[in-house]
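Written below as structure tokens is the structure these notes are about.
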Amino acid sequence: MEKVHETVLEIDLNALKHNFQYLKTQVKPTTKILAVVKAFAYGSDSVEIANFLETLNVDYFAVAYTNEGVALRDAGVKKPILVLHPQSINFKTLIERCLEPSLYSHFVLNKFMEVAEAEKQSNYPVHIKFNTGLNRLGFEPTDVSDVVSTLKKTDSIQAKSLFSHLAASEDFNEKTFTEKQINCFKIIAESFTESIGYKPMLHLCNTSGILNYPEAHFDMVRSGIGLYGFGNSDLEDQHFTPIASLKSIISQIHTIEKGESVGYNRKFIASKQTKTATIPIGHADGIGRQYGNGKGFVTINNQQASIIGNVCMDMIMIDISDIDCQEGDEVIIFGKNPTANDFAHTANSISYEIITAISHRVKRVFLK
Ligand SMILES: *Cc1c(COP(=O)(O)O)cnc(C)c1O
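Counting the sequence shown from 1 gives a position; the working numbering is that position plus 27.
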């Protein structure tokens, strides 16, 4: 791999392919796979990722918001796109761009029907979301008959799927709770299907649900974090390869004497002569202040260097006293080892948060 000359986020599409294929081995050949590409495909690049996944024949995409779906359509993405949290103000755009809404309350269901009727749609595909315990978005299990009778009153929309979301699929201490969610979803699906008279697709599992609850795959599974290389456990992490590596370089090296300070507010005071390096990445790039003052570390020539003092907007300073290195040398913040999850753990965070935080100022480079 080429050494970098500035801060870059390298995206390894071969790793993405590996993760996609591993997930496929975990489901039946007939189970559809939906790739969750919200939040710029978890901080990488939703257009590149979606285009590549289309070549691998992924079945479906999901984004959180309408504008994320519009960006994919603008880039020529053809597969169906589920918008998980559409806002009613965007319903007309959503229809114009062939995006499929998640409808999770009577308010959004009625609003969407109004717009679909005004736009003279028939059987427009929508996805009905039920709350089975996460208590975030979704109709209640007791809403089934009301939802069905609303849907029966119109030809403008049709329930293409029913779905729900697990609250703790990665946590075996919550197995009983998860099984209750699965059971609740089955009961909803049965009564809904029976009273509406056709069979919407059913889907419930996110990545950890796919790995831990094979009995709950239904017709489709939804994977985000797995595609990007994390299995939410040490055991499962071994089957995945992180697709994103955040790399930078040493801009400048200083040697400071005992008693001298480093950075804003003088938060690091040298207890002995110390060699420091300044790296061109800061909190505006997604490395939050919680990683400063000895918490986070970076890797240079396979050796760890801790982040000293406060994280600045555009830079961090690190302690390289014990590392043989020079200005211009490559610095790894995270990648295949240490991973983004390892880095996140130094400040009590998780892979999901750090990878989605890397700002657009950081250049994306794709390895194919
Ligand atoms: C984000 C999201 C997912 C993806 O979850 P992962 O744990 O990243 O696989 C799946 N379903 C819904 C509803 C989501 O919001």
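Beta carbons: idealized from backbone N, C-alpha and C, even for Gly.
Discussion item. Between the alpha carbons of T52 and H266, how many angstroms are there, rounded?
Written reply: Here residue 52 corresponds to residue number 25 of the sequence shown, with the count starting at 1. Here residue 266 corresponds to residue number 239 of the sequence shown, with the count starting at 1. One Cα belongs to T52, the other to H266, and the distance between them is close to 11 Å.
Practice prompt. If I'm right that L262 touches A243 with Cβ under 8 Å, what's the distance once you round it to whole angstroms?
Written response: Working through the sequence shown from its first residue, we reach residue 262 at position 235. Working through the sequence shown from its first residue, we reach residue 243 at position 216. In fact, because the Cβ distance is near 19 Å, the residues do not count as touching under 8 Å.
Worksheet entry | Segments assigned alpha helix (DSSP H), at least 4 residues, entirely inside the stretch 208–248 | Qualifying alpha helix (DSSP H) stretches, in chain order: 234–239.
Worksheet item: So what does DSSP say about D170, is it helix, strand or coil?
Response: Against the sequence shown, residue 170 aligns to sequence position 143. The three-state reading of DSSP puts D170 in helix, counting H, G and I together.
Item to complete: Please report the residue range of the alpha helix (DSSP H) in which F257 lies.
Response: Taking the first residue of the sequence shown as position 1, residue 257 is located at position 230. In the DSSP assignment, F257 falls outside any alpha helix (DSSP H) and carries neither an H nor an E.
Worksheet item: If you count every other CB in all the chains shown that lies within 10 Å of the CB of T169, and 16 or more means buried, which is it?
Response: Taking the first residue of the sequence shown as position 1, residue 169 is located at position 142. That one is exposed.
Item to complete: Return yes when at least one heavy atom of ligand 1 lies under 7 Å from the C-beta of K147, else no.
Response: For the purposes of this step, residue 147 is taken as residue 120 along the sequence shown, with counting starting at 1. For ligand 1, not one heavy atom lies less than 7 Å from the Cβ of K147.
Worksheet item: When DSSP labels each residue in this structure, what does M340 get in the three-state scheme?
Response: On the sequence shown, position 313 is the one that residue 340 refers to. Looking at M340 - three-state DSSP - the assignment turns out to be coil, as it is neither helix nor strand.
Worksheet item: Any heavy atom of ligand 1 closer than 7 Å to the Cβ of L126?
Response: Within the sequence shown, residue 126 is the residue found at index 99, counting from 1. Incorrect: L126 has no Cβ contact closer than 7 Å to ligand 1.
Worksheet entry | Heavy atom of ligand 1 within 7 Å of I377 beta-carbon | The residue you call residue 377 lines up with position 350 of the sequence shown. Not a single heavy atom of ligand 1 lies less than 7 Å from the C-beta of I377.
Worksheet item: What residue from E354, Q330, G103, T366 has the CA that sits closest to P307's CA?
Response: Along the sequence shown, read from residue 1 onward, the residue named residue 307 stands at position 280. P307 has its Cα closest to that of E354, out of E354, Q330, G103, T366.
Discussion item. Closer than 7 Å to a non-hydrogen atom of ligand 2 - does that hold for the CB of L161?
Written reply: Absent from the structure shown: ligand 2. Ligands present: ligand 1.
Discussion item. Distance check for I347 and F370, CA to CA, integer angstroms please.
Written reply: For the purposes of this step, residue 370 is identified with residue 343 of the sequence shown, where counting begins at 1. For the purposes of this step, residue 347 is identified with residue 320 of the sequence shown, where counting begins at 1. So the two alpha carbons sit approximately 18 Å from each other.
Fill in: Closest by C-alpha distance to N292, when choosing among I335, E357, K202, S250
For the purposes of this step, residue 292 is identified with residue 265 of the sequence shown, where counting begins at 1. The shortest Cα separation from N292 among I335, E357, K202, S250 belongs to I335.
Discussion item. Between which residues of its own chain and V110 is the CB-CB distance below 8 Å, once the five residues before and five after are set aside?
Written reply: The count along the sequence shown starts at 1 and reaches residue 110 at position 83. Result list for V110: A89, V90, A91, Y92, T93, E95, G96, L121, L126, E127, P128, S129, in chain order.
Worksheet item: Less than 8 Å separating the beta-carbons of S250 and N239?
Response: The residue labelled residue 250 in the question sits at position 223 within the sequence shown. The residue labelled residue 239 in the question sits at position 212 within the sequence shown. No, the pair does not count as a contact, with Cβ atoms beyond the cut-off.
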